[in-house]
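Numbering-wise (my numbering), the sequence shown opens with residue 811 and increments by one. Even for Gly, the Cβ is constructed at its ideal location relative to N, Cα and C. Step one of this worksheet: look at the structure below.
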Amino acid sequence: MAKKKKKEVKIGGLKIGGDNPVLVQSMTNTKTINIKETVRQIKSLEGLGCEIIRVAVPDEASAQALREIKRKIRIPLVADIHFDYRLALKSIDNGADKIRINPGNIGSKENLVKIIRHSKKNNIPIRIGVNSGSIDPEIQKRFSHPCPEALVESVIKSLAVFEREDFVDIVISVKSSDVMDTIEAYTLLALRTDYPLHLGITEAGTRFSGAVKSSVGLGILLNKGIGDTIRVSLAGNPEWEVVSAFEILKSLRLRERGVTMIVCPTCGRTEIPVEELADKVEKLVRHVEKPLKIAVMGCVVNGPGEAKDADLGIAGGKGKAVIFKKGKILKTVKEKDIFNEFKLELKKIILEEE
């Protein structure tokens, strides 16, 4: 299904919505006041393709740190604000490219208006982020639990305040940790507004379970044409958020950045340690930006023939393997030399593409 066109919102040097591609976001898990470590993590995420980065701003010192962080990174910087509206104002003054707030916990309407007016004055967009734990109390009373309808109604209520201030540089998210609730909430919201939507399954889980839940939820929504930016929310190293996000987008043919891995599931015919080898290859190619297809196959049955369109591949044999390119065998190598020989051929391909 074609992507539904939304309003266009500018963040730093990028644009969200409109005819623009779905952008990949992540969030640091460092203490923002630790500028050196925060910048190091952001640069690592940049190297994996992260296009927008969010940092927590729990106090004034963190808001002040944004100025130095912003100076040392290339991608747009988003300040994540809860409870204290003054932190949003200070974050804008210190160079944040976007503010993320949850109107349900920011305090009075007067405080929300102060954020809106300061953002408008400085041409800074705002993401309205509502999740199942912070639905507007008055709206929650009408529902027995944090259901999709309650999430959407909370957003619509908040939007009225923004629009009365003639503020339209808005991105919206309505996240739940429940996949089906998230899908329904975004589907309902997409029918009621044309602001760009940021997708995510909040508190999705670990690297494994969280990636599965995010792939299902975000994949269904993106395939409906819903969504303009995404974050795969995982516990632990945020690098896996970016890697997982691009895998989702590549699977849906929405983005072509980086390597797509083809790996056989292994069976009794396997003659080489496929899983171990595939893990090493996957780690090797994580920072490759070019849209290549790489195959690691366990035997000749699923070798060059099954993966003949791979830019580079390995197919195992007894104590040896063949390395092939676009279905044609380049060389036969001993098992102990597979990975090193593969690295040599990969380097050639990357140099050819440049």
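Could you check what DSSP says for Thr992 in three-state terms: helix, strand or coil?
As a first step, residue 992 is located in the sequence shown; it is residue number 182 there, counting from the start. Looking at Thr992 - three-state DSSP - the assignment turns out to be helix.
Go ahead and pull the three-state DSSP assignment for Lys755.
This structure leaves residue 755 out entirely; the chain is present only between 811 and 1164.
What does a CB cutoff of less than 8 Å around Cys957 pick up in its chain, not counting 5 residues either side in sequence?
Walking along the sequence shown from the start, residue 957 turns up at place 147. Asp991.
Let's test the definition: count the other Cβ atoms within 10 Å of the Cβ of Phe972 and tell me whether it reaches 16, buried, or not, exposed.
Translated into the one-based positions of the sequence shown, residue 972 becomes position 162. Buried, because 16 or more other Cβ atoms sit within 10 Å of the Cβ of Phe972.
Please determine if the stretch 932–950 and the stretch 909–922 are in contact, where contact requires at least 3 C-beta pairs separated by less than 8 Å.
yes
Note down the Cα distance separating Glu1086 from Leu1044, rounded to an integer number of angstroms.
Numbered from 1 along the sequence shown, position 276 holds the residue referred to as residue 1086. Numbered from 1 along the sequence shown, position 234 holds the residue referred to as residue 1044. When rounded, the distance between both Cα atoms is 24 Å.
Distance, Cα to Cα, Val984 vs Gly943?
Translated into the one-based positions of the sequence shown, residue 984 becomes position 174. Translated into the one-based positions of the sequence shown, residue 943 becomes position 133. Approximately 11 Å, taken between the alpha carbons.
Please look up how many angstroms separate the CB atoms of Asp1038 and Leu1007, rounded, as I've assumed it's under 8 Å.
Stepping through the sequence shown from its first residue, residue 1038 is reached at position 228. Stepping through the sequence shown from its first residue, residue 1007 is reached at position 197. With 8 Å as the limit, Asp1038 and Leu1007 qualify as a contact, their Cβ atoms being about 6 Å apart.
Out of Glu920, Arg881 and Val1106, state which residue places its alpha-carbon closest to the alpha-carbon of Arg896.
Your numbering for residue 896 matches position 86 in the sequence shown. The shortest C-alpha separation from Arg896 is found at Glu920.
Please return the same chain residues whose Cβ sits closer than 8 Å to the Cβ of Lys1153, not counting the five positions on each side in sequence.
Reading the sequence shown from its first residue, position 343 is the one you call residue 1153. Closer than 8 Å at the Cβ level, and outside the excluded window around Lys1153, lie Leu1094.
Which residue's Cα is closest to the Cα of Asn1033: Gly1137, Leu1009 and Val1143?
Your numbering for residue 1033 matches position 223 in the sequence shown. The shortest Cα separation from Asn1033 among Gly1137, Leu1009 and Val1143 belongs to Leu1009.
Can you tell me which of Lys882, Ile938, Val1132 and Asn933 puts its alpha carbon nearest to the alpha carbon of His892?
Counting from one through the sequence shown, the residue named residue 892 turns up at place 82. Closest option to His892, Cα to Cα, is Ile938.
Compare the C-alpha of Arg910 against each of Gln874, Ala875, Ser918 and Pro868 and name the closest.
Counting from 1 along the sequence shown, the entry for residue 910 is found at position 100. Comparing Cα positions, the closest option is Pro868.
Looking at the structure shown, is Leu858 part of a helix, part of a strand, or coil, going by DSSP?
If you number the sequence shown from 1, residue 858 lands on position 48. Coil, per DSSP.
Is it true that the CB of Ile1159 sits closer than 9 Å to the CB of Asp1135?
As a position in the sequence shown, residue 1135 is number 325, starting the count at 1. As a position in the sequence shown, residue 1159 is number 349, starting the count at 1. Note on residue identity: the sequence assigns Lys, not Asp, to residue 1135. Their beta carbons are under 9 Å apart, which means Lys1135 touches Ile1159 by this criterion.
Nearest-angstrom Cα distance between Lys1146 and Lys1130?
Counting from one through the sequence shown, the residue named residue 1146 turns up at place 336. Counting from one through the sequence shown, the residue named residue 1130 turns up at place 320. Whole-angstrom Cα-Cα distance: 8 Å.
Going by the beta-carbon positions, is the gap between Asp907 and Ile821 smaller than 9 Å?
Along the sequence shown, one-based indexing puts residue 907 at 97. Along the sequence shown, one-based indexing puts residue 821 at 11. Yes, the pair counts as a contact, with Cβ atoms nearer than the cut-off.
Closest by CA to Thr842, which one among Phe953, Asp890 and Phe977?
Translated into positions along the sequence shown, residue 842 becomes position 32. Distances from the CA of Thr842 to each of Phe953, Asp890 and Phe977 were compared; the closest alpha carbon is that of Asp890.
Quick one: Cα of Ile852 to Cα of Glu963, how far?
Taking the sequence shown and counting its residues from 1, the one referred to as residue 852 is at position 42. Taking the sequence shown and counting its residues from 1, the one referred to as residue 963 is at position 153. Using only the alpha carbons, I get a separation of about 34 Å.
Would you please verify whether the beta carbon of Pro1006 is less than 9 Å from any beta carbon of chain B?
No chain B appears in the structure shown, which is made up of a single protein chain.
Specify the secondary structure class of Asn941 as computed by DSSP and reduced to three states.
Reading the sequence shown from its first residue, position 131 is the one you call residue 941. If DSSP states are grouped into helix, strand and coil, Asn941 belongs with the strands.
Ordered along the chain, which non-local residues of its own chain (more than five positions away) have a Cβ less than 7 Å from that of Thr840?
For the purposes of this step, residue 840 is identified with residue 30 of the sequence shown, where counting begins at 1. Its chain contains Glu847, Thr848 and Gln851 as the residues whose beta carbon lies nearer than 7 Å to that of Thr840, once the 5 sequence neighbours on both sides are disregarded; these appear in chain order.
Return the first residue and the last residue of the alpha helix (DSSP H) that Ile1030 is part of.
Along the sequence shown, read from residue 1 onward, the residue named residue 1030 stands at position 220. Counting along the chain, Ile1030 sits inside the alpha helix (DSSP H) bounded by residues Ser1019 to Asn1033.
Let's test the definition: count the other Cβ atoms within 10 Å of the Cβ of Thr1142 and tell me whether it reaches 16, buried, or not, exposed.
Taking the sequence shown and counting its residues from 1, one reaches residue 1142 at position 332. So Thr1142 ends up on the exposed side.
Please determine, among Gly1137, Ala1021, Ile1040 and Phe1018, the residue with the shortest C-alpha to C-alpha distance to Met837.
By one-based count along the sequence shown, residue 837 stands at place 27. Per the Cα distances, Ile1040.
List the endpoints of the continuous beta strand (DSSP E) containing Ile982.
Here residue 982 is taken as the residue at index 172 of the sequence shown, counted from 1. Here the beta strand (DSSP E) through Ile982 covers Ile980 to Lys985.
Give the secondary structure of Ile1104 by DSSP, where H, G and I count as helix, E and B as strand, and everything else as coil.
Position 294 of the sequence shown, counted from the first residue, corresponds to residue 1104. The three-state secondary structure of Ile1104, taken from DSSP, is strand.
Starting from Leu897, trace the alpha helix (DSSP H) in both directions and tell me its first and last residue.
For this step, residue 897 is matched to residue 87 along the sequence shown. Run containing Leu897: Tyr895 to Asp903, per the alpha helix (DSSP H) assignment.
Alpha helix (DSSP H) containing Arg881: first to last residue?
Indexing the sequence shown from 1 puts residue 881 at position 71. Counting along the chain, the unbroken alpha helix (DSSP H) around Arg881 starts and ends at Glu870 to Lys882.
Cα separation between Asp829 and Ile845?
Working through the sequence shown from its first residue, we reach residue 829 at position 19. Working through the sequence shown from its first residue, we reach residue 845 at position 35. About 35 Å.
Considering only residues of the same chain and omitting the five flanking positions on each side of Leu961, which have a CB-CB separation below 6 Å?
The residue given as residue 961 occupies position 151 in the sequence shown. Answer for Leu961: Val940, Val984 and Ala995, listed in chain order.
By alpha-carbon positions, which one of Lys1128, Ala1021, Ser1061 and Leu1122 ends up nearest to Pro1048?
Along the sequence shown, one-based indexing puts residue 1048 at 238. Of the candidates Lys1128, Ala1021, Ser1061 and Leu1122, the residue whose Cα lies closest to the Cα of Pro1048 is Ala1021.
Which value, in whole angstroms, describes the spacing of the CA atoms of Ile1082 and Gly1015?
Within the sequence shown, residue 1082 is the residue found at index 272, counting from 1. Within the sequence shown, residue 1015 is the residue found at index 205, counting from 1. Near 32 Å, if we compare the C-alpha coordinates of Gly1015 and Ile1082.
Taking the CB atoms as reference points, tell me whether Val1052 and Ser1024 lie closer together than 9 Å.
For this step, residue 1052 is matched to residue 242 along the sequence shown. For this step, residue 1024 is matched to residue 214 along the sequence shown. Contact: no.
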